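Chains as they are written, first to last, in our numbering: chain A, 541 to 795; chain B, 14 to 371.
Glycine included, C-beta positions come from ideal geometry on N, C-alpha and C.
Computed from a predicted structure; not experimentally measured.
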Amino acid sequence: MRIAVTGKGGAGKSTVAGALARHLAARGRTVVAVDADPNPNLGLCLGLPKETVASMEPILNALLASGHTHDDPTPEPDELLARYGVAAPGGITVVATGKIERPSNACLCCGSHNTTRQFFGGLPAEGRIVLADLEAGLNDLLWARPGPGDVVLAVAEPSAKAVEVARRAVSIAQGMGVQRILGVANRAGSVDDVEALARALGVEVLPVAEDPAVEAADELGVAPMDRDAASPAMADIARLADWVLAPVASGAPAS
Amino acid sequence: MAPGGQVAERTARQEAVLASLDRQAAALAHLEQAAGAATGDDRALAWLTVAAHLGRARRDHAPLLAARRLEALAPELAAHQARLDDAQAAAQAAVDGLAPDERAAAGRRLGRRVAVVGKGGAGKSMIAATVARLLARRGRPVFLADMDSSHGTGFSLGLGTAFAELPPEALEEHGGSAYGWRLATGLLPHQAVERHAVTGPDGVRFLTLGKIGDPAEQRARRSVVALRQVLGGFAEPGWDVVGDLEAGPTTPFERYHAFADQVVLVVGPAWRSALTARRLLPIVEGTPTVLVANRFRHEPDHPGLEPAVRVPFDPAVVAAERAGRAPLDEAPGSPAMAACAELVELLAGPAPAKEGSP
Chain A
541 MRIAVTGKGG
551 AGKSTVAGAL
561 ARHLAARGRT
571 VVAVDADPNP
581 NLGLCLGLPK
591 ETVASMEPIL
601 NALLASGHTH
611 DDPTPEPDEL
621 LARYGVAAPG
631 GITVVATGKI
641 ERPSNACLCC
651 GSHNTTRQFF
661 GGLPAEGRIV
671 LADLEAGLND
681 LLWARPGPGD
691 VVLAVAEPSA
701 KAVEVARRAV
711 SIAQGMGVQR
721 ILGVANRAGS
731 VDDVEALARA
741 LGVEVLPVAE
751 DPAVEAADEL
761 GVAPMDRDAA
771 SPAMADIARL
781 ADWVLAPVAS
791 GAPAS
Chain B
14 MAPGGQVAER
24 TARQEAVLAS
34 LDRQAAALAH
44 LEQAAGAATG
54 DDRALAWLTV
64 AAHLGRARRD
74 HAPLLAARRL
84 EALAPELAAH
94 QARLDDAQAA
104 AQAAVDGLAP
114 DERAAAGRRL
124 GRRVAVVGKG
134 GAGKSMIAAT
144 VARLLARRGR
154 PVFLADMDSS
164 HGTGFSLGLG
174 TAFAELPPEA
184 LEEHGGSAYG
194 WRLATGLLPH
204 QAVERHAVTG
214 PDGVRFLTLG
224 KIGDPAEQRA
234 RRSVVALRQV
244 LGGFAEPGWD
254 VVGDLEAGPT
264 TPFERYHAFA
274 DQVVLVVGPA
284 WRSALTARRL
294 LPIVEGTPTV
304 LVANRFRHEP
314 DHPGLEPAVR
324 VPFDPAVVAA
334 ERAGRAPLDE
344 APGSPAMAAC
354 AELVELLAGP
364 APAKEGSP
């Protein structure tokens, strides 16, 4: 199974993706977490220490550093995963596909997005879950190109901007034939927030409650799952895992 | 790809570079002409503006001279460099001829050019739009460009999702340009702003990228190079220019902030936001950078990232963002807006006395 998590910057993509990966892993699934953000921090929400996240070697930079050039054939995704994947809590493997820190010969346009595509679409997803935390905005969603068999989570917080970006994400995913699309009302303060998002998106929406424990974890730079796995937001994300794993009848998600 | 195809592609790219040199030369000629015709205090401002513009132009031209893929254009690139050098010498001579007080007064009116960067959700758009409006309230003409392919700036400005894109006639397809499109030939940056920028609250002139997910596909792709060309070439005397960049390091890495003389780096309370800021600092190195802590709650903040301005967490701003309206309209007297005014002082100097505004 492939899951793409998309939305506006700051909407809570990494928080949702990280905790969802942890819940899925806790239920015995093999999870490959793909941090497609050139500004990677998914590792933090998976439970990796800050130092590891800050120094994680991205595939593209690592390849170029090892003498790889743009003209060389790129190794198979599974080989790259074996070489550059980092073990995170819960048996999750995480890879960063697009990090850059300073101008170098790394070329973002042919690098980060292509590696995202390669990992999201190219990594065999039978018997495991490939979960991609996409770059802020919608460009990466165009590159990841999820298809009919994939899952797209459009994450929004209750701001007009984030709702607008999620609305567009849903419409793009629908245009790509994706059948399992879920809106995630992150930092939902009330039922109104959830209903407003559902009206805007026109797809099923589940809430992730506004949660001081998540905010505190964010400030400290630790995974919300490790700070309080039973906090309201983390419990809501467990329900997202239920939705993801629910048996699919004729392409439509079971509710 | 067939070798023939590669050659054709390279030629198209070189063609795009040559067209861009022509465009820059035309924009420069427009500035020089305006400076030559200016009188009184406007003359000092105009020459100071030309000199500053040439500083940026020469800095941006240097890497082209060294680019191996542009070796075939060496004569044209050298000629452009000579044109810039001559223009710089002439502008500098004009500036050197100014009386010190004349020069100082012009310096205060000189347009501020600010790029706003940071992690997604840090508050870039809120800061960019509010700063633009506060500059405009000082009586300064302001051009605000939204360089994000997702909606944001328009909401914070007070225009919501109103159409503020370069229209089709301002764009032209060209295979050699990045993304395949560029600003229409013959359309100068100041004309693009005059003709196509929407007038927002407080008179801020506003242009945005096309947004990903629009029914008419590819609008974001079509407009990105063109809007960069407008931003880089637009240097009308006395105009402030504010650019709101896309979240994260990608577009700063591609030097989308090259139009600016100052960078505002917005940092939120999350540790990840500080990590992003640490990654952005080396990327924007070389452009003076002001660190702004947004939604600031308490010390200690992020070690090693001392903010110049703290915009406090403010429920009134949260409410405005939720509604998709401008915080400056919804919460004009709020502490967050006061902090934005403080940021404007830092960027543009103390507010002028009322009667002194241009």
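Put residue i into one of helix, strand or coil per three-state DSSP.
{"i": "Asn726/A", "result": "strand"}
{"i": "Thr592/A", "result": "helix"}
{"i": "Ala551/A", "result": "coil"}
{"i": "Asn645/A", "result": "Its pLDDT being 42, under 50, Asn645/A is placed unreliably by the model, and the measurement read from it follows with that caveat. Looking at Asn645/A - three-state DSSP - the assignment turns out to be coil, as it is neither helix nor strand."}
{"i": "Glu759/A", "result": "helix"}
{"i": "Gln658/A", "result": "helix"}
{"i": "Asp766/A", "result": "helix"}
{"i": "Cys650/A", "result": "Confidence at Cys650/A is low in this model, with a pLDDT of 47, below 50, so the placement of that residue is unreliable and no value is reported for it."}
{"i": "Asn679/A", "result": "helix"}
{"i": "Gly173/B", "result": "coil"}
{"i": "Ser360/B", "result": "Residue 360/B is actually Leu in this sequence, not Ser. Reduced to three states, the DSSP call for Leu360/B is helix."}
{"i": "Gly246/B", "result": "helix"}
{"i": "Leu252/B", "result": "Here residue 252/B turns out to be Trp, not Leu, going by the sequence shown. DSSP places Trp252/B in coil when its eight states are reduced to three."}
{"i": "Ile721/A", "result": "strand"}
{"i": "Glu334/B", "result": "helix"}
{"i": "Arg623/A", "result": "helix"}
{"i": "Pro325/B", "result": "strand"}
{"i": "Ala775/A", "result": "helix"}
{"i": "Asn601/A", "result": "helix"}
{"i": "Glu704/A", "result": "helix"}
{"i": "Glu185/B", "result": "strand"}
{"i": "Leu196/B", "result": "strand"}
{"i": "Asp159/B", "result": "strand"}
Given that residue i touches chain A, what residues does it touch there, using C-beta distances under 7 angstroms?
{"i": "Pro282/B", "result": "Glu759"}
{"i": "Ser33/B", "result": "In chain order: nothing, as chain A lies at least about 18 angstroms away."}
{"i": "His270/B", "result": "Ordered by position in chain A, no residue passes the 7 angstroms Cβ test against His270/B, which lies about 12 angstroms from the chain."}
{"i": "Ser163/B", "result": "Lys548, Gly677, Leu678, Val705"}
{"i": "Gly174/B", "result": "In the sequence on display, residue 174/B carries Thr and not Gly. Residues of chain A passing the Cβ test: Glu704."}
Name, please, each residue of chain A whose Cβ falls closer than 8 angstroms to the Cβ of residue i.
{"i": "Arg285/B", "result": "Ser554, Asn581, Leu584, Asp758, Gly761"}
{"i": "Asp73/B", "result": "Within 8 angstroms Cβ-Cβ: nothing; Asp73/B doesn't reach chain A, min ~14 angstroms."}
Looking at residue i: is its Cβ nearer than 8 angstroms to the Cβ of residue j?
{"i": "Val357/B", "j": "Val130/B", "result": "no"}
{"i": "Ser422/B", "j": "Ala142/B", "result": "Absent from the model: residue 422/B. The displayed extent of chain B is 14 to 371, so no value can be given."}
{"i": "Leu78/B", "j": "Leu97/B", "result": "no"}
{"i": "Val303/B", "j": "Gln275/B", "result": "yes"}
{"i": "Leu681/A", "j": "Thr546/A", "result": "yes"}
{"i": "Thr655/A", "j": "Ala684/A", "result": "no"}
{"i": "Val30/B", "j": "Leu86/B", "result": "yes"}
{"i": "Val724/A", "j": "Leu693/A", "result": "yes"}
{"i": "Ala523/A", "j": "Leu582/A", "result": "For chain A, the structure presents residues 541 to 795; residue 523/A sits outside this window and is missing."}
{"i": "Met774/A", "j": "Asp768/A", "result": "yes"}
{"i": "Val330/B", "j": "Ala352/B", "result": "no"}
{"i": "His608/A", "j": "Ile777/A", "result": "no"}
For a contact defined as C-beta to C-beta under 7 angstroms, what are the partners of residue i on chain B?
{"i": "Ile712/A", "result": "Gly226"}
{"i": "Ala594/A", "result": "Leu288"}
{"i": "Ala551/A", "result": "Gly134"}
So which residues on chain B does residue i lean against when the C-beta distance must stay under 9 angstroms?
{"i": "Ala544/A", "result": "What Ala544/A touches in chain B: nothing, since even the nearest Cβ is about 15 angstroms away."}
{"i": "Arg708/A", "result": "Ser163, His164, Lys224, Ile225, Gly226, Asp227"}
For residue i, return the contacting residues in chain A, with the cut-off set at a CB-CB distance below 9 angstroms.
{"i": "Phe168/B", "result": "Ser699, Ala700, Lys701, Glu704"}
With 7 angstroms as the C-beta to C-beta threshold (strictly closer), list the residues of the segment 326-352 of chain B near chain A in chain order. Sequence-ordered contacts of the segment 326-352 of chain B with chain A read Glu334, Arg335, Ala336, Gly337 [C-beta pairs closer than 7 angstroms].
Interface residues of the segment 576-591 of chain A facing chain B [CB-CB below 8 angstroms]: For the segment 576-591 of chain A, which is checked against every Cβ of chain B, the residues closer than 8 angstroms are Asp577, Pro578, Asn579, Asn581, Leu584, Lys590.
Anything in the segment 228-262 of chain B with a Cβ closer than 7 angstroms to a Cβ of chain A? List those residues in chain order, please. Per Cβ criterion, the list reads Glu259, Ala260, Gly261, Pro262.
With three or more beta-carbon pairs closer than 8 angstroms as the criterion, would you say the segment 148-168 of chain B touches the segment 248-260 of chain B? Using a Cβ-Cβ distance cut-off of 8 angstroms, the segment 148-168 of chain B and the segment 248-260 of chain B are in contact, since at least three pairs of beta carbons, one from each stretch, lie closer than that value.
Is it the case that the segment 245-254 of chain B contacts the segment 277-287 of chain B, given that we only count it when at least three CB pairs across the two stretches are under 8 angstroms? Between the segment 277-287 of chain B and the segment 245-254 of chain B there are fewer than three C-beta pairs closer than 8 angstroms, too few to call the two in contact.
For the segment 682-702 of chain A, enumerate the residues whose C-beta is nearer than 9 angstroms to any C-beta of chain B, in chain order. Per Cβ criterion, the list reads Leu682, Glu697, Pro698, Ser699, Ala700, Lys701, Ala702.
Residues of the segment 720-753 of chain A whose Cβ lies closer than 7 angstroms to any Cβ of chain B, in chain order: Under the 7 angstroms Cβ criterion, the segment 720-753 of chain A contributes no residue.
Counting only Cβ-Cβ distances shorter than 7 angstroms, please list the residues of the segment 285-305 of chain B near chain A, keeping chain order. Flagged, chain order: Arg285, Leu288, Thr289, Arg292, Pro295, Ile296.
Just checking, does the segment 658-671 of chain A make contact with the segment 700-716 of chain A on the three C-beta pairs under 8 angstroms criterion? The answer is no - the segment 700-716 of chain A does not touch the segment 658-671 of chain A, with fewer than three Cβ pairs under 8 angstroms.
Do the segment 92-110 of chain B and the segment 290-308 of chain B make contact, defined as three or more Cβ pairs closer than 8 angstroms? The segment 92-110 of chain B vs the segment 290-308 of chain B: no contact.
Counting pairs of beta carbons, one from the segment 658-665 of chain A and one from the segment 614-624 of chain A, are three or more of them closer than 8 angstroms? Taking 8 angstroms as the limit for Cβ pairs, the verdict is that the segment 614-624 of chain A does touch the segment 658-665 of chain A.
For the structure I just gave you, are there three or more beta carbon pairs, one from the segment 60-67 of chain B and one from the segment 214-228 of chain B, closer than 8 angstroms? No, the segment 60-67 of chain B does not touch the segment 214-228 of chain B.
Count Cβ pairs between the segment 714-732 of chain A and the segment 346-362 of chain B that sit closer than 8 angstroms; are there 3 or more? In short, these stretches do not touch, since the Cβ pair count stays below three.
Is the segment 213-222 of chain B in contact with the segment 116-128 of chain B, if contact means three or more CB pairs nearer than 8 angstroms? They do not touch, by the three-pair rule.
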